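In the numbering used here, the protein residues as written are 1027 to 1091.
Structure first, then comments.
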(Lines of atoms letter the chains of each structure in order from A and count residues from 1; the text may use other names and numbers.)
(Lines give C-alpha, C1' and ligand atoms only; values in the text may rest on other atoms or scores of the structure.)
Protein backbone atom coordinates (compact mmCIF):
# COMPACT_ATOMS: atom_id res chain seq x y z
CA UNK A 1 0.00 0.00 0.00
CA UNK A 2 1.23 3.48 -0.85
CA UNK A 3 0.28 5.97 1.82
CA UNK A 4 0.95 9.51 2.86
CA UNK A 5 0.10 10.01 6.50
CA UNK A 6 -3.47 8.82 6.93
CA UNK A 7 -4.23 9.05 3.20
CA UNK A 8 -4.51 5.69 1.46
CA UNK A 9 -3.29 6.50 -2.04
CA UNK A 10 -4.32 3.13 -3.43
CA UNK A 11 -7.99 4.14 -3.25
CA UNK A 12 -7.80 7.73 -4.49
CA UNK A 13 -9.30 8.37 -7.92
CA UNK A 14 -6.84 10.94 -9.28
CA UNK A 15 -5.42 10.43 -12.77
CA UNK A 16 -2.75 13.09 -12.18
CA UNK A 17 -1.57 11.38 -9.02
CA UNK A 18 -1.63 8.01 -10.77
CA UNK A 19 0.53 9.40 -13.56
CA UNK A 20 2.94 11.04 -11.11
CA UNK A 21 3.34 7.79 -9.17
CA UNK A 22 3.84 5.81 -12.39
CA UNK A 23 6.53 8.25 -13.55
CA UNK A 24 8.23 8.14 -10.14
CA UNK A 25 8.32 4.34 -10.23
CA UNK A 26 9.63 4.02 -13.79
CA UNK A 27 12.17 6.83 -14.16
CA UNK A 28 15.35 7.92 -12.47
CA UNK A 29 15.79 11.16 -10.56
CA UNK A 30 18.17 12.33 -13.28
CA UNK A 31 15.52 11.79 -15.97
CA UNK A 32 12.87 13.66 -14.00
CA UNK A 33 15.26 16.52 -13.20
CA UNK A 34 16.26 16.73 -16.87
CA UNK A 35 12.61 16.95 -17.91
CA UNK A 36 12.08 19.71 -15.34
CA UNK A 37 15.04 21.67 -16.71
CA UNK A 38 13.79 21.23 -20.28
CA UNK A 39 10.29 22.37 -19.31
CA UNK A 40 11.57 25.45 -17.49
CA UNK A 41 13.74 26.40 -20.46
CA UNK A 42 10.81 25.94 -22.86
CA UNK A 43 8.55 28.20 -20.79
CA UNK A 44 11.21 30.73 -19.73
CA UNK A 45 10.32 33.36 -22.41
CA UNK A 46 6.61 33.17 -21.56
CA UNK A 47 7.30 33.28 -17.82
CA UNK A 48 9.62 36.29 -18.25
CA UNK A 49 7.03 38.09 -20.41
CA UNK A 50 4.27 37.44 -17.85
CA UNK A 51 6.53 38.64 -15.02
CA UNK A 52 7.46 41.83 -16.89
CA UNK A 53 3.80 42.58 -17.69
CA UNK A 54 2.72 42.03 -14.07
CA UNK A 55 5.59 44.13 -12.74
CA UNK A 56 4.87 47.02 -15.12
CA UNK A 57 1.19 46.87 -14.08
CA UNK A 58 2.25 47.25 -10.45
CA UNK A 59 1.13 43.76 -9.47
CA UNK A 60 4.59 42.72 -8.28
CA UNK A 61 6.19 44.90 -5.60
CA UNK A 62 9.64 46.30 -6.19
CA UNK A 63 12.12 45.27 -3.50
CA UNK A 64 14.53 48.02 -4.51
CA UNK A 65 14.74 50.99 -2.10
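All C-beta atoms in this analysis are idealised placements derived from N, C-alpha and C, irrespective of residue type, glycine included.
Everything numeric in this text was worked out from a predicted model, so none of it was measured.
| message | I need the straight-line Cα distance from residue 1074 to residue 1082, nearest angstrom please. | response | 12 Å
| said: Could you compute how far the alpha carbon of residue 1042 sits from the alpha carbon of residue 1062? | reply: 17 Å
| query | If you follow the alpha helix (DSSP H) that residue 1086 is part of, which residue opens it and which one closes it? | reply | Premise fails: residue 1086 is in no alpha helix (DSSP H) and is neither H nor E.
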